[in-house]
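Trainee: Take our numbering: the final residue in the sequence shown is number 252, and no numbers are missing along the way.
In this text, a Cβ means the ideal position worked out from N, Cα and C, and glycines have one as well.
Just so you know, these numbers come straight off a predicted model, no measurement behind them.
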Amino acid sequence: MPLILLFFLPMAAVQASTITVAIDHAPPYSFTHGPEAKGLLLDILTPIADELGLELKVVPCPFSRCVHMLEQSEVDIMGGLIRTKQREQELTFVTPAYMALHSSFRFYSLRDSGMEITGYEDLYGKRIAVMRGAAHFARFDKDLDLIKVPVTSEQVALQMLLKGRVDLFIGVEETAEHAMSILRQPVYQLVKQPYQYRDSIFGYMAYSRDFAKTPLANKITSRYQEIAEQGQLTELVKPYALPPIQGHSSQ
2 MPLILLFFLP MAAVQASTIT VAIDHAPPYS FTHGPEAKGL LLDILTPIAD ELGLELKVVP
62 CPFSRCVHML EQSEVDIMGG LIRTKQREQE LTFVTPAYMA LHSSFRFYSL RDSGMEITGY
122 EDLYGKRIAV MRGAAHFARF DKDLDLIKVP VTSEQVALQM LLKGRVDLFI GVEETAEHAM
182 SILRQPVYQL VKQPYQYRDS IFGYMAYSRD FAKTPLANKI TSRYQEIAEQ GQLTELVKPY
242 ALPPIQGHSS Q
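#1: With the cut-off set at 8 Å, would you say Met206 and Gly80 are in Cβ contact?
#2: According to the neighbour-count rule (16 or more other Cβ atoms, all chains shown, within 10 Å of its Cβ), is Ser18 buried or exposed?
#3: Please name the residue, chosen from Leu102, Thr222, Tyr189 and Glu227, that lies closest to Leu243 on a Cα-to-Cα basis.
#4: Could you give the DSSP three-state label for Tyr205: helix, strand or coil?
#5: With a threshold of 8 Å, are at least 3 pairs of Cβ atoms found where one atom belongs to the segment 67-86 and the other to the segment 114-126?
#6: Do you know whose CA, among Pro97, Gly40 and Leu46, lies nearest Ile202's CA?
#7: Applying the 10 Å Cβ sphere with the 16-neighbour rule, what's the burial state of Glu236?
#8: Taking only the alpha-carbon atoms, compute the straight-line gap between Thr222 and Val95 and give it to the nearest angstrom.
#9: Which residue wins for smallest C-alpha separation from Gly115, given the options Leu92, Ala130, Gln247 and Gly165?
#10: So the candidates are Gln156, His137 and Ile129; which of them puts its Cα closest to the Cα of Val150?
#11: Which same chain residues, not among the five before or five after Glu91, have their C-beta less than 6 Å away from its C-beta?
#12: Grab me the residues of Thr1's own chain with a C-beta within less than 6 Å of its C-beta, minus the 5 sequence neighbours each way, in chain order.
#13: Alpha helix (DSSP H) containing Pro61: first to last residue?
#14: If I'm right that Gln160 touches Arg112 with Cβ under 8 Å, what's the distance once you round it to whole angstroms?
#15: Shortest alpha-carbon distance to Gly204 belongs to which of Phe212, Ser154, Thr47 and Val238?
#16: Going by CA-CA distance only, name the one from Met132, Tyr241 and Lys39 that's closest to Pro63.
#17: Ordered along the chain, which non-local residues of its own chain (more than five positions away) have a Cβ less than 6 Å from that of Cys67?
#18: Helix, strand or coil for Leu111? Go by DSSP, reduced to three states.
#19: On a CA-only basis, which of Met100, Asp77, Ala50 and Gly35 is nearest Asp211? Give me that one, please.
#20: Just tell me which of Arg88, Thr47, Ala27 and Thr21 has its CA closest to the CA of Glu1.
#21: Using only CA atoms, which one of Glu37, Ala177 and Glu56 lies nearest to Ala27?
#22: When burial is assigned at 16 or more other CB atoms within 10 Å of the CB, is Ile148 buried or exposed?
#23: Can you look up Val68 in the DSSP assignment and give me helix, strand or coil?
#24: Nearest to Phe141 by CA position, among Gly232, Ala38, Thr153 and Arg199, is which residue?
#25: Go to Lys149, then tell me how far its beta strand (DSSP E) extends in each direction, as first and last residue.
#26: If you follow the alpha helix (DSSP H) that Phe158 is in, where does it begin and where does it stop?
Okay, structure coming up:
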């Protein structure tokens, strides 16, 4: 079933047989810079939509814009979201998580800066590029004394770092370094700082509050959980080098 790109189509104009999916450009898990959006979430939703007789309408957007649109019920579904208490007040998360990254939050700086971040305290006084709307680890996210510079994408963060407009960029090590290679940035100019925060990072599919109340959302959730229990979801994530999907009761 072809995917249709949708730009700012009023929700009232979308029929009940369609679902709108917000997708940000986050290689290797999603790509919007091309003739057609593609990625893991669409790999998961497309067969479900086919079974239910639905049409997927894709809304390409920067990460922060995608999250905002989901919170405002301007789109129905988004993926790759870390589940936090704050987000649970605005969104409905679907279990199990389809992404599990056993990785680290790392900080990157210019190699020639001479900067050395060996502990959390070394972050104070540094300008740190952060993805607007992203969740990291609790201490970092809640710390109002850090100088955080919101950016719309990893590409913008890297460009600001290379131009000296920020001192550090925080990212999930596993995905940030892949993104750097995809974005063809001069990574040889960067250095990964010693300090890291190790964590198991889970990425969920989430519904807007309005969409979550619909019978259609219940059908999608039911089918999603069925393919997870049957092992089909594990097969879908395997090409992305992600671990097997665990049961939805504990996530």
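Mentor: Concretely, from the data shown:
#1: Here the question's residue 206 lines up with position 205 in the sequence shown. Here the question's residue 80 lines up with position 79 in the sequence shown. Going by C-beta atoms, Met206 is nearer than 8 Å to Gly80.
#2: On the sequence shown, residue 18 is found 17 positions in, with the first residue counted as 1. Classification of Ser18: exposed, given that the 10 Å Cβ count is below 16.
#3: Here residue 243 corresponds to residue number 242 of the sequence shown, with the count starting at 1. Selected option, being the one with the closest Cα: Leu102.
#4: Here residue 205 refers to the residue found at position 204 of the sequence shown. Correct three-state label for Tyr205: strand.
#5: no
#6: Position 201 of the sequence shown, counting from 1, holds the residue named residue 202. It is Pro97.
#7: In the sequence shown, counting from the first residue as 1, residue 236 sits at position 235. It counts as exposed.
#8: Stepping through the sequence shown from its first residue, residue 222 is reached at position 221. Stepping through the sequence shown from its first residue, residue 95 is reached at position 94. The alpha-carbon of Thr222 is positioned some 7 Å away from that of Val95.
#9: Counting from 1 along the sequence shown, the entry for residue 115 is found at position 114. Of the residues Leu92, Ala130, Gln247 and Gly165, the one whose Cα lies closest to the Cα of Gly115 is Gly165.
#10: For the purposes of this step, residue 150 is taken as the residue at position 149 of the sequence shown. Ranking Gln156, His137 and Ile129 by Cα distance to Val150 puts Ile129 first.
#11: The residue given as residue 91 occupies position 90 in the sequence shown. Answer for Glu91: Glu72, listed in chain order.
#12: Outside the displayed range of the chain (2 to 252) lies residue 1, so it cannot be described from this structure.
#13: As a first step, residue 61 must be located in the sequence shown, where it is residue number 60. Note, Pro61: premise wrong, no alpha helix (DSSP H); beta strand (DSSP E) at Glu56 to Pro61.
#14: Counting from 1 along the sequence shown, the entry for residue 160 is found at position 159. Counting from 1 along the sequence shown, the entry for residue 112 is found at position 111. Not confirmed; about 16 Å, so no contact.
#15: Within the sequence shown, residue 204 is the residue found at index 203, counting from 1. The shortest Cα separation from Gly204 among Phe212, Ser154, Thr47 and Val238 belongs to Val238.
#16: Here the question's residue 63 lines up with position 62 in the sequence shown. Comparing Cα positions, the closest option is Met132.
#17: One-based indexing of the sequence shown puts residue 67 at position 66. Same-chain partners within the cutoff: Ala23, Asp25 and Met79.
#18: Taking the sequence shown and counting its residues from 1, the one referred to as residue 111 is at position 110. It is a strand residue.
#19: For this step, residue 211 is matched to residue 210 along the sequence shown. Cα-wise, what sits closest to Asp211 is Asp77.
#20: No answer is possible for residue 1: it lies beyond the span of the chain, which begins at 2 and ends at 252.
#21: Residue 27 sits at position 26 when you count from the first residue of the sequence shown. Of Glu37, Ala177 and Glu56, the residue nearest in Cα terms is Ala177.
#22: The residue given as residue 148 occupies position 147 in the sequence shown. Per the 10 Å Cβ criterion, exposed.
#23: Sequence index remark: in the sequence shown, residue 68 carries index 67 (1-based). Shown here, Val68 sits in a helix according to DSSP, grouped into three states.
#24: Translated into the one-based positions of the sequence shown, residue 141 becomes position 140. Of Gly232, Ala38, Thr153 and Arg199, the residue nearest in Cα terms is Arg199.
#25: Along the sequence shown, one-based indexing puts residue 149 at 148. Where Lys149 is concerned, the enclosing beta strand (DSSP E) starts and stops at Ile148 to Val152.
#26: Residue mapping note: residue 158 aligns to position 157 of the sequence shown, counting from 1. Position check: residue 158 holds Ala in this sequence, whereas Phe was assumed. Where Ala158 is concerned, the enclosing alpha helix (DSSP H) stretches over Glu155 to Leu163.
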